[in-house]
Amino acid sequence: MRAKDIALDGLFRQNPTLKLVLGTCPTLALTTLAMNGIGMGLAVTFVLTCSNVIISLLRNVIPQKVRIPAYILIIATFVTIIRMLLNKFLPDISASLGTYLPLIVVNCIILGRAEAFASKNPVGAACLDGIFMGLGFMAALTLMGAFREILGSGSVFGVKLWDFSIGFFTQPAGALFTYAMFIAVYSMIYSAVVARKKKSADTSEDRSEKGVTADV
Amino acid sequence: MFKMIPAIIFAAMLSQNFILVQFLGICPFLGVSKNTKSAFGMGMAVTAVMFIATLITYPLYTYLLKPLGFDYMEIIVFIFVIASLVQVIEIILKKTSKSLYEAMGIYLPLITTNCAVLGVTELVLTSELVVTMLDACAYGLFGGLGFTLAIVLMSGMREKLDTVKVPKAFEGFPITMLLACFMAMAFSMF
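These protein sequence lines are chains A and B, in that order. Under this note's numbering, residues 244 to 459 are what the first sequence spells out, in order. Under this note's numbering, residues 9 to 198 are what the second sequence spells out, in order.
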């Protein structure tokens with residue numbers, strides 16, 4: 244049950260991109276192509292999972308006062324590792340992520356989860372939280388990337404669909420427009436889901452109350 | 009020696025604006041732009057850190073890390089320099105200027121995790137505009153001023169936005185991003 248909660252939080256209820264609005268810089272800059280979303284998403288998931296595990300293991304060792312510099316050093320180490328791995332094995336992805344690859348160090352999602360979750364929870368939960376928060380980030384980035392790629396370049400994952408394209412969506416302004424629309428649609432869906440859950444909870448309460456009175 | 013400077017000033021402040029074109033430092037841009045005064049304070053603090061950070065990391069990388077073959081350490085060294093720099097500035101301000109410290113105090117710790125600061129130290133290593141140490145410092149300084157320009161303009165608009173009624177789904181972040189979208193269109197005209 245708890246694992247299911249963590250998974251749902253990361254993917255939908257507390258989605259880092261759409262609900263918490265963290266890590267906005269790579270989201271806006273890299274979503275011109277759907278493939279970038281997968282690359283950035285996987286890199287962040289790796290760093291987030293590893294740093295969450297290490298920080299959770301060290302949560303009773305790191306003194307409260309120097310915790311932020313300690314977290315940043317741990318995160319920077321894993322970013323260096325993923326950068327070396329990508330440079331060696333997937334140089335294309337590394338080139339398309341550019342400056343935003345080293346900037347994972349200051350991605351608020353990672354420091355935010357370290358502070359809000361990993362420093363307070365046991366290793367297993369912290370590891371799961373890292374995986375699902377990372378996947379939630381990846382899903383949102385890939386969806387936004389696919390949307391902008393289809394409208395802005397007429398292709399998806401590099402496969403040409405048609406010759407029609409709107410240049411606006413490949414530009415910085417298009418990124419902000421797309422992000423605004425995605426958050427708005429997400430918050431509409433989210434409030435609809437919450438309202439429906441509340442309603443079903445209310446009716447089941449009504450029924451049980453009626454059942455009680457009927458028994459009496 | 010100075011021939012790249014005008015191009016750098018133009019690129020760093022306007023055509024390659026850190027916030028609206030390169031999307032570095034979006035978090036403080038959305039978070040600390042509710043009123044003009046705090047936006048200006050944040051902008052000035054970031055400008056100072058960006059300038060001093062490039063002043064330290066650029067020679068550190070070109071004359072020390074690269075010749076010695078330690079360039080893979082760049083991320084760790086840079087973030088370490090930035091974090092200590094922010095700490096030192098905080099201590100100096102606390103000792104020397106109480107009023108400035110109180111004005112900037114709450115923004116200083118946030119600057120360590122500002123993408124624009126780590127971003128500028130990484131960008132000056134690869135940008136074709138930057139050839140010398142002087143170019144790198146100019147890029148840091150005017151990049152910071154471009155950051156201030158964008159955040160102050162944004163805060164002015166957001167003060168007006170408080171009086172307007174927006175659809176429920178667009179409250180908060182979405183409407184702010186739409187505002188930024190129109191600003192980005194203006195900046196991409198350069």
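Glycine included, C-beta positions come from ideal geometry on N, C-alpha and C.
Select from Val436/A, Asn279/A, Leu394/A and Phe375/A the residue whose C-alpha is nearest the C-alpha of Gly338/A. The question names Gly, yet the displayed sequence has Ala at residue 338/A. In this structure, Asn279/A is the residue among Val436/A, Asn279/A, Leu394/A and Phe375/A with its C-alpha nearest to the C-alpha of Ala338/A.
Just the chain B side, please: which residues come within less than 9 Å of Thr323/A by C-beta, in chain order? Here the neighbours are Tyr80, Met81, Glu82, Ile83 and Ile84.
So, are the CB atoms of Leu186/B and Phe420/A less than 8 Å apart? Taking 8 Å as the cut-off, the beta carbon of Leu186/B is found closer than this to the beta carbon of Phe420/A.
Interface partners of Ala423/A on chain B, CB under 7 Å: Pro182, Met185, Leu186 and Cys189, listed in chain order.
Suppose you measure from the CA of Asn122/B to the CA of Ser443/A; what does that come to, to the nearest Å? Each residue's alpha carbon lies about 43 Å from the other.
Which residue wins for smallest C-alpha separation from Val57/B, given the options Leu161/B, Thr171/B, Gly148/B and Phe178/B? Nearest to Val57/B by C-alpha distance, out of Leu161/B, Thr171/B, Gly148/B and Phe178/B, is Gly148/B.
Beta-bridge pairing of Ser206/A - partner residues as DSSP gives them: Residue coverage of chain A in this structure runs from 244 to 459, which leaves residue 206/A outside it and unanswerable.
Taking the alpha-carbon of Leu118/B as reference, which of Pro14/B, Arg166/B, Glu98/B and Lys103/B has the nearest alpha-carbon? Ranking the options by Cα distance to Leu118/B, first place goes to Glu98/B.
Please list the terminal residues of the continuous alpha helix (DSSP H) segment that includes Asn461/A. Past the boundaries of the shown model lies residue 461/A; chain A is included only from 244 to 459, so the question cannot be answered.
For Tyr343/A, count the other beta carbons within 10 Å of its own beta carbon; 16 or more makes it buried, fewer makes it exposed. Which is it? So Tyr343/A counts as buried.
Apart from the five residues on each side of it in sequence, which residues of its chain come closer than 6 Å, Cβ to Cβ, to Met162/B? Close CB contacts of Met162/B within its chain, under the 6 Å cut and outside five residues either way in sequence, are with Ser41 (chain order).
So, for Gln257/A: in the same chain, excluding its five sequence neighbours on each side, which residues have a beta-carbon less than 7 Å away from its beta-carbon? Scanning its chain for C-beta atoms nearer than 7 Å, with the 5 sequence neighbours on each side dropped, one finds around Gln257/A the residues Leu263, in chain order.
Between which residues of its own chain and Ala277/A is the CB-CB distance below 7 Å, once the five residues before and five after are set aside? These residues qualify, in order along the chain: Thr385, Gly388, Ala389, Glu392, Val399 and Phe400.
Please determine, among Ala47/B, Ala188/B and Met81/B, the residue with the shortest C-alpha to C-alpha distance to Val160/B. Closest by alpha carbon: Ala47/B.
Exposed unless 16 or more other CB atoms sit within 10 angstroms - verdict on Asp248/A: Counting of Cβ neighbours within 10 angstroms places Asp248/A among the exposed residues, the total staying below 16.
What three-state label does DSSP hand Gln307/A in the structure shown? Per DSSP, reduced to three states, the secondary structure at Gln307/A is helical.
For Ile336/A, which option in Ser362/A, Ala286/A and Val304/A has the closest C-alpha, if you only look at C-alpha atoms? Residue nearest to Ile336/A within the set Ser362/A, Ala286/A and Val304/A is Ala286/A (criterion: CA-CA distance).
Report the CB separation of Met50/B from Tyr115/B in whole angstroms; it is logged as a contact under 8 Å. Met50/B to Tyr115/B, Cβ: 5 Å. Contact.
So, does the CB of Met387/A fall closer than 8 Å to a CB anywhere in chain B? Chain B contact via Cβ: absent.
So, at 7 Å on beta carbons, what are the nonlocal neighbours of Ile409/A in its own chain, with the 5 sequence-adjacent residues on each side left out? For Ile409/A, where only same-chain residues beyond five positions count, the Cβ hits under 7 Å are Leu394 and Gly395.
Rounded separation between Asp252/A and Gln414/A - CA only: Each residue's Cα considered, the two are about 31 Å apart.
Cβ closer than 7 Å: which chain A residues qualify as neighbours of Ala177/B? Near Ala177/B (Cβ distances below 7 Å), the residues of chain A are Ala427, Ser430 and Met431.
If you draw a straight line from the alpha carbon of Phe89/B to that of Thr156/B, how long is it in whole angstroms? Inspection of the sequence shows that residue 89/B is occupied by Val rather than by Phe. Spanning the two alpha carbons is a distance of roughly 22 Å.
Mind pulling the chain A residues with CB within less than 7 Å of Ala127/B? The question names Ala, but residue 127/B is Gly in the sequence shown. Ordered by position in chain A, the residues that pass the 7 Å Cβ test against Gly127/B are Thr342 and Leu346.
Please state whether the Cβ-Cβ distance between Ala124/B and Gly33/B is less than 8 Å. Contact annotation: Ala124/B and Gly33/B have beta-carbon atoms nearer than 8 Å.
Report yes if the C-beta distance between Val322/A and Val366/A is below 8 Å; otherwise report no. No, they are not a contact pair.
For Asn350/A, which of Lys440/A, Ser294/A, Asn303/A and Gly266/A has the nearest alpha-carbon? Check the Cα spacing between Asn350/A and each of Lys440/A, Ser294/A, Asn303/A and Gly266/A: the tightest is with Gly266/A.
So, is the C-beta of Ile34/B closer than 8 Å to a C-beta in chain A? Judged by the 8 Å Cβ criterion, Ile34/B is in contact with chain A.
Val459/A in three-state terms, based on DSSP: At Val459/A the pLDDT is 38, less than 50, meaning the model places this residue with poor confidence; the figure from the coordinates comes in the next sentence. Note: Val459/A maps to coil in three-state DSSP.
Counting only beta-carbon separations shorter than 8 Å, does Phe31/B have a partner in chain A? With 8 Å as the cut-off, Phe31/B counts as an interface residue toward chain A.
Cβ closer than 9 Å: which chain A residues qualify as neighbours of Leu72/B? Proximity of chain A to Leu72/B at the Cβ level (cut-off 9 Å) is not reached, the minimal Cβ distance being about 17 Å.
Quick one: does Thr171/B have its CB under 8 Å from some CB of chain A? Taking Cβ atoms only, chain A never reaches closer than 8 Å to Thr171/B, which makes this a no.
Suppose contacts are defined by Cβ-Cβ distances below 8 Å. Is Tyr460/A in contact with Leu261/A by that definition? Residue 460/A lies beyond the range of chain A shown here (244 to 459); nothing can be said about it.
How big is the Cα-Cα spacing for Phe375/A and Pro14/B? Each residue's Cα considered, the two are about 47 Å apart.
Neighbourhood of Cys370/A by C-beta, 8 Å cutoff - its chain only, sequence neighbours within 5 removed: Cβ within range, chain order: Thr292, Asn295, Val296 and Ser299.
Could you give the distance in angstroms between the alpha-carbon of Phe190/B and the alpha-carbon of Tyr433/A? Each residue's Cα considered, the two are about 27 Å apart.
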